[in-house]
Amino acid sequence: MGVATDHDLTPLLNQCSDEDLQPLVDYILNASTNDLTTSPGYEALPGAPSTYVSEIVYEIKTFGGNTFANMFREDGVPYREVVTDVAERLKVQVSEDDTVEEMESGILTKVLEDMLEKMSPEERQRLDEEFAEAGRAAGDKGATVPLSILILQGGVRLSGFMAYRFAAIVANAVARAVLGRGLSVGANAALMRVLGMAAGPIGWVLTGLWTAIDIAGPAFRVTLPCVCHVAFLRQKQAYKEAL
């Protein structure tokens, strides 16, 4: 059992609702080695994750560190190291100058890039059309660039509804693949179609990751989904604040 804080993670999670935080709890509970189920906050109000954010942060940070490192770091590794590890395992180039948000964006871009490789040209064209329509439906004229073009450009420095969609597509598909259910993202009809179209191919991408010998460890099965969901929560909060 433990509690922890992290300047890249705690302030964000403290702004989130129970519904937003629940997938993080479920990803952690998927691992038999978690300590969350025996933490005081979870035992008191398991259905109210907003009341035990510090315990959630502790779990993410400890899953992000290896056993040896955690022997000397009672609250695990910094969230930045968790994100860096996930990025490197996905072969996403990162540097010490990158912010956590930039690394999260690189991870989302890589997952979407791999997703497009799993789709036929016809499926990619339809996805591009629906992605652009989702931007128009949201009233964001700057958010109508096709998804494949954004990925070719690296998906960096996105903001507003564009960044929110990017993160929602990946986080929803990961939730579908790992938890068996999607997220409640308050999406317009076009974005809902995009989420549905992307879920299958991203599920195939994750299956390939899980079966890769060098990254099939139980910790990565927690950190990858958690990082993708945190990236979504970060963009959701930024988009909400911009409205």
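In the numbering used here, the protein residues as written are 1040 to 1282. Glycine included, C-beta positions come from ideal geometry on N, C-alpha and C.
Burial check for glutamine 1192: the Cβ neighbour count within 10 Å stays below 16, so the residue is exposed. About 6 angstroms separates the beta carbon of leucine 1060 from that of serine 1089, a gap short enough to meet the 8 angstroms contact definition.
Taking a cut-off of 8 angstroms on C-beta distances, the region 1059-1077 touches the region 1218-1234, as three or more cross pairs fall below it. Shown here for cysteine 1267: same chain residues with a beta carbon closer than 6 angstroms to its own, the five before and five after excluded, namely Val1209, Ala1210 and Val1213 in chain order. In the DSSP assignment, glutamine 1132 falls outside any alpha helix (DSSP H), carrying neither H nor E. For glycine 1242, the closest alpha carbon among the candidates Asp1167, Val1150, Tyr1278 and Arg1175 is that of Val1150. Assignment of methionine 1158 by DSSP, reduced to helix, strand and coil, places it in the coil class. Residue nearest to methionine 1154 within the set Lys1275, Gly1145 and Ala1237 is Ala1237 (criterion: CA-CA distance). Sorting Ala1207, Lys1157, Leu1129 and Leu1075 by C-alpha distance to the C-alpha of glycine 1041 places Leu1075 at the top. When DSSP assignments are scanned along the region 1171-1230, the uninterrupted stretches of alpha helix (DSSP H) that are 4 or more residues long and fall wholly within it turn out to be 1186-1191 and 1199-1218.
Proline 1240 carries a helical assignment under DSSP once its states are collapsed to helix, strand and coil. For leucine 1084, the three-state secondary structure derived from DSSP is coil.
Straight through space, the alpha carbons of proline 1085 and isoleucine 1190 are spaced by roughly 38 angstroms. Here glutamate 1098 is buried: its Cβ has 16 or more other Cβ atoms, across all protein chains shown, within 10 Å. Contact between alanine 1173 and alanine 1229 is confirmed by a C-beta separation of about 4 angstroms, below the 8 angstroms threshold.
Here tyrosine 1081 has Leu1075 and Tyr1091 as same chain residues with Cβ atoms under 6 angstroms from its own Cβ, once five neighbours each way along the sequence are excluded.
In the assembly as shown, lysine 1275 is a buried residue. Its beta-carbon has 16 or more other beta-carbons within 10 Å. Looking from the CA of glycine 1239, the closest CA among Phe1200, Glu1162, Val1133 and Arg1204 belongs to Glu1162. Scanning Lys1180, Ile1188, Ala1258 and Leu1186 for the CA closest to the CA of threonine 1072 turns up Ala1258. The alpha-carbon separation between leucine 1272 and proline 1160 amounts to approximately 31 angstroms. The three-state secondary structure of threonine 1072, taken from DSSP, is coil.
By the C-beta density criterion, glutamate 1169 is buried, having at least 16 other C-beta atoms within 10 angstroms.
Restricting attention to Asp1179, Met1201 and Tyr1118, the CA atom closest to the CA of leucine 1147 is found in Met1201.
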